[in-house]
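Asks:
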Amino acid sequence: MTGAKWQWLLKQMTRKLWVRTSLYALLAVATALMSIVLNQFITLPPAINVSKDLLNNILNILATSMLAVTTFSLNIMVSAYSAASAGVTPRATKLLMEDSTTQNALATFLGSFLFSLVGIIALGIGAYHQQAQIYLFIVTIAVIVMIILTLLRWIQHLSVLGRVSETTSYVEQALLDAIRKRGKERWLGAHPWSHPEHKPRGSKPILSQEIGYLQHVDMHHLDSIAEANQCTIYLERQPGSFVYVGQPLAWVCGELPDESEVTAAFTIRTERSYDQDPRFGLVVMAEIASRALSPAVNDNGTAIDVLGRSVRALSLWGDLLSEPPAKTRYPRLFVPALSYQDLFDDVFLPIAHDGAAQLQIQIRLQKALLALSSMHPKLFLSPAIKLSEKALELSLSQHYTEDEKHQLSQLSNLVTDQKANG
Numbered sequence: 001m002t003g004a005k006w007q008w009l010l011k012q013m014t015r016k017l018w019v020r021t022s023l024y025a026l027l028a029v030a031t032a033l034m035s036i037v038l039n040q041f042i043t044l045p046p047a048i049n050v051s052k053d054l055l056n057n058i059l060n061i062l063a064t065s066m067l068a069v070t071t072f073s074l075n076i077m078v079s080a081y082s083a084a085s086a087g088v089t090p091r092a093t094k095l096l097m098e099d100s101t102t103q104n105a106l107a108t109f110l111g112s113f114l115f116s117l118v119g120i121i122a123l124g125i126g127a128y129h130q131q132a133q134i135y136l137f138i139v140t141i142a143v144i145v146m147i148i149l150t151l152l153r154w155i156q157h158l159s160v161l162g163r164v165s166e167t168t169s170y171v172e173q174a175l176l177d178a179i180r181k182r183g184k185e186r187w188l189g190a191h192p193w194s195h196p197e198h199k200p201r202g203s204k205p206i207l208s209q210e211i212g213y214l215q216h217v218d219m220h221h222l223d224s225i226a227e228a229n230q231c232t233i234y235l236e237r238q239p240g241s242f243v244y245v246g247q248p249l250a251w252v253c254g255e256l257p258d259e260s261e262v263t264a265a266f267t268i269r270t271e272r273s274y275d276q277d278p279r280f281g282l283v284v285m286a287e288i289a290s291r292a293l294s295p296a297v298n299d300n301g302t303a304i305d306v307l308g309r310s311v312r313a314l315s316l317w318g319d320l321l322s323e324p325p326a327k328t329r330y331p332r333l334f335v336p337a338l339s340y341q342d343l344f345d346d347v348f349l350p351i352a353h354d355g356a357a358q359l360q361i362q363i364r365l366q367k368a369l370l371a372l373s374s375m376h377p378k379l380f381l382s383p384a385i386k387l388s389e390k391a392l393e394l395s396l397s398q399h400y401t402e403d404e405k406h407q408l409s410q411l412s413n414l415v416t417d418q419k420a421n422g
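Rendered as structure tokens:
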């Protein structure tokens with residue numbers, strides 16, 4: 001396993017709530033016990049005096065209150081996850097669970113509770129002498145200040161946690177991060193595979209041994225294998241693809257390496273991940289809009305908000321692709337580019353279907369397609385025209401007035417006419 005794979009796995013682990021909470025808990029216990037050790041190296045003026053009863057009372061208050069606050073915060077967190085899952089989409093809940101503000105708050109509260117508990121026990125058994133009690137008092141004051149600052153930030157965060165707009169912002173940020181990362185290395189650092197529909201002559205397939213979604217590809221590991229075996233590797237499947245046993249993951253030209261070494265570079269899990277998969281963010285955006293357009297919710301404003309965010313994300317993708325490509329880091333690997341049509345279909349096609357009967361949605365959809373095709377005609381004009389025509393076809397089958405149908409047709413013509421004008 002290469003450093004790149006370890007780095008990715010470490011990144012996934014640090015996003016877990018239990019990891020940060022455990023680190024804070026260990027730090028809290030170490031801090032409480034550190035006062036005993038400091039007594040041997042640093043001596044404070046004898047005029048400073050802190051009574052054992054004062055320390056015990058403060059630590060008891062902290063222990064009692066922090067346990068209650070931690071329990072309350074966990075209840076709020078679970079409620080926010082449930083609200084996001086029911087009101088937005090279950091695919092967005094993962095981002096809420098990885099929210100650093102929430103994790104820091106819970107870790108701080110639990111760590112403060114353990115700090116107080118260890119301090120009370122150490123005081124009770126007489127582990128703290130007079131000098132050590134002074135150190136413990138200073139650290140306790142610092143912990144109280146940290147708790148107050150965390151509480152203030154936590155209160156502000158609770159006012160938006162789980163709301164549709166806030167959760168949508170989390171999804172948009174994850175989407176933009178994935179687009180920036182993929183836009184800088186549009187072929188994952190490899191050479192472009194211009195015609196993936198034509199397999200390389202004489203190539204041999206590397207077959208999947210698992211069923212699930214391809215979350216991550218260790219390009220450095222693949223390139224090392226290709227270099228060692230003097231071969232070239234063509235990636236058939238990209239992050240986000242659903243793969244099954246026996247499906248080709250890649251094609252090898254030249255000496256065939258150990259197949260198990262090649263498949264080890266492909267991380268296959270039960271769910272998709274945002275990191276190397278910009279399309280997943282667009283899919284989740286479409287899910288948010290589709291749920292908002294359902295008869296049970298009937299929230300056109302959220303769907304319109306999603307359209308605006310999607311235009312912003314795809315515009316960034318177009319800006320990055322307009323720049324010169326980055327230098328190839330893996331000369332023996334070939335990766336196909338992401339399809340512009342697939343990107344448009346991921347986010348706009350579900351909205352066109354579910355919002356076909358909503359005039360307001362159809363107008364905003366046509367304007368979104370017009371905006372993208374106007375900003376980046378070389379990249380987005382063709383998929384925008386196809387989506388515009390499909391959306392118009394779906395809307396004309398609804399019970400609109402003739403004036404409304406004419407309005408939608410005019411907007412669609414603005415998109416399609418760009419081809420003739422170009």
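Under our numbering, the residue at position 194 of the sequence shown is numbered 194, and the numbers go up by one with no gaps.
In this text, a Cβ means the ideal position worked out from N, Cα and C, and glycines have one as well.
With DSSP as the reference, identify every bridge partner of Pro205, one or two as the case may be.
Replies: Answer by DSSP bridge pairing, in chain order: Trp251.
Asks: Closest to Ser397 by CA distance: which of Ala142, His353 and Val78 is it?
Replies: Comparing Cα positions, the closest option is His353.
Asks: Contact defined as beta carbons within less than 8 Å: I believe Met66 pairs with Leu17. What is the distance between those atoms, to the nearest angstrom?
Replies: Not confirmed; about 17 Å, so no contact.
Asks: Measuring alpha carbon to alpha carbon, tell me which residue in Leu23, Ala326 and Ser339 is nearest Lys181.
Replies: Minimum Cα distance to Lys181 is reached at Ala326.
Asks: Go through its chain and collect everything with a Cβ distance to Leu394's Cβ below 6 Å, but skip five positions before and after it.
Replies: Taken in chain order, the residues that qualify are Ala352 and Ala356.
Asks: Compare the C-alpha of Ser112 against each of Val139, Gln130 and Pro295 and name the closest.
Replies: Per the Cα distances, Val139.
Asks: Mind checking whether Gly189 and Trp317 have CB atoms under 8 Å apart?
Replies: No.
Asks: For the ligand SAH, is there a heavy atom less than 7 Å away from the beta-carbon of Leu414?
Replies: Questions concerning the ligand SAH fall outside what the structure shown contains, since it holds no ligand whatsoever.
Asks: Cα separation between Trp424 and Asp319?
Replies: This structure does not reach residue 424, given that the chain is present from 1 up to 422, and the question cannot be answered.
Asks: Is there contact between the region 206-215 and the region 271-278, where contact requires at least three CB pairs shorter than 8 Å?
Replies: Counting Cβ pairs under 8 Å, three or more are found: they touch.
Asks: List the endpoints of the continuous alpha helix (DSSP H) containing Ile361.
Replies: Where Ile361 is concerned, the enclosing alpha helix (DSSP H) stretches over Leu359 to Met375.
Asks: Under 8 Å between the Cβ atoms of Ala105 and Thr168?
Replies: No. Outside cutoff.
Asks: Report all residues from its chain with a CB closer than 6 Å to the CB of Glu172; omit the five preceding and five following residues, and keep chain order.
Replies: So the list reads Arg309, once near-sequence residues are dropped.
Asks: Pick from Thr70, Leu282, Ser241 and Ala92: whose alpha carbon is nearest that of Thr267?
Replies: Residue Ser241 is the option with its Cα nearest to Thr267.
Asks: CB-CB under 8 Å to Asp342, same chain, minus the five flanking residues each way: which ones, in chain order?
Replies: Contacts found: Arg279.
Asks: Leu192 lies in the beta strand (DSSP E); which residues open and close that run?
Replies: With the sequence shown as reference, residue 192 is identified as Pro, and Leu is not the correct amino acid for it. Counting along the chain, the beta strand (DSSP E) containing Pro192 begins and ends at Ala190 to Pro192.
Asks: Can you find at least 3 beta carbon pairs, one from the region 110-126 and one from the region 21-28, that sit closer than 8 Å?
Replies: The answer is yes - the region 21-28 touches the region 110-126, with three or more Cβ pairs under 8 Å.
Asks: Ignoring anything shorter than 4 residues or poking outside the region 80-157, list the alpha helix (DSSP H) runs there in chain order.
Replies: With a minimum length of 4 residues, the continuous alpha helix (DSSP H) runs that stay inside the region 80-157 are 90-97 and 100-124.
Asks: For chain D, find out if any of its Cβ atoms is closer than 8 Å to the Cβ of Glu227; answer yes or no.
Replies: The structure shown contains no chain D; it is built from a single protein chain.
Asks: Does DSSP classify Leu338 as helix, strand or coil?
Replies: Three-state DSSP puts Leu338 in coil, outside helix and strand.
Asks: Skipping 5 residues on each side, what residues in its chain have a beta carbon closer than 7 Å to that of Leu136?
Replies: Cβ neighbours of Leu136 beyond the five flanking positions: Ser35, Leu55, Gly119 and Tyr128.
Asks: In the DSSP output, which residue or residues are listed as bridge partners for Ile233?
Replies: Val252 and Leu333, per the DSSP bridge assignment.
Asks: Leaving out five residues on either side along the sequence, give the residues of the same chain with a beta carbon under 7 Å from the beta carbon of Asp277.
Replies: Closer than 7 Å at the Cβ level, and outside the excluded window around Asp277, lie Ala178, Pro239 and Gly240.
Asks: So, Leu293 versus Gln366, is the Cβ gap smaller than 8 Å?
Replies: The answer is no: Cβ separation not under 8 Å.
Asks: Using CA coordinates, which residue listed in Thr416, Trp251, Ser382 and Arg332 is at the minimum distance from His220?
Replies: Of the listed residues, the one whose Cα sits closest to His220 is Arg332.
Asks: Alpha carbon to alpha carbon, how far is Asp346 from Ala368?
Replies: One C-alpha to the other measures close to 14 Å.
Asks: Are the region 284-304 and the region 196-205 in contact at 8 Å, needing three or more beta carbon pairs?
Replies: Short answer: they don't touch.
Asks: If you compare alpha carbons, which of Gln230, Leu249 and Cys231 is closest to Glu237?
Replies: It is Arg, not Glu, that sits at residue 237 in the sequence shown. That would be Leu249, whose Cα lies nearest to the Cα of Arg237.
Asks: Classify Pro383 as buried or exposed, calling it buried when 16 or more other Cβ atoms lie within 10 Å of its own Cβ.
Replies: Answer is buried; the Cβ neighbour count reaches 16.
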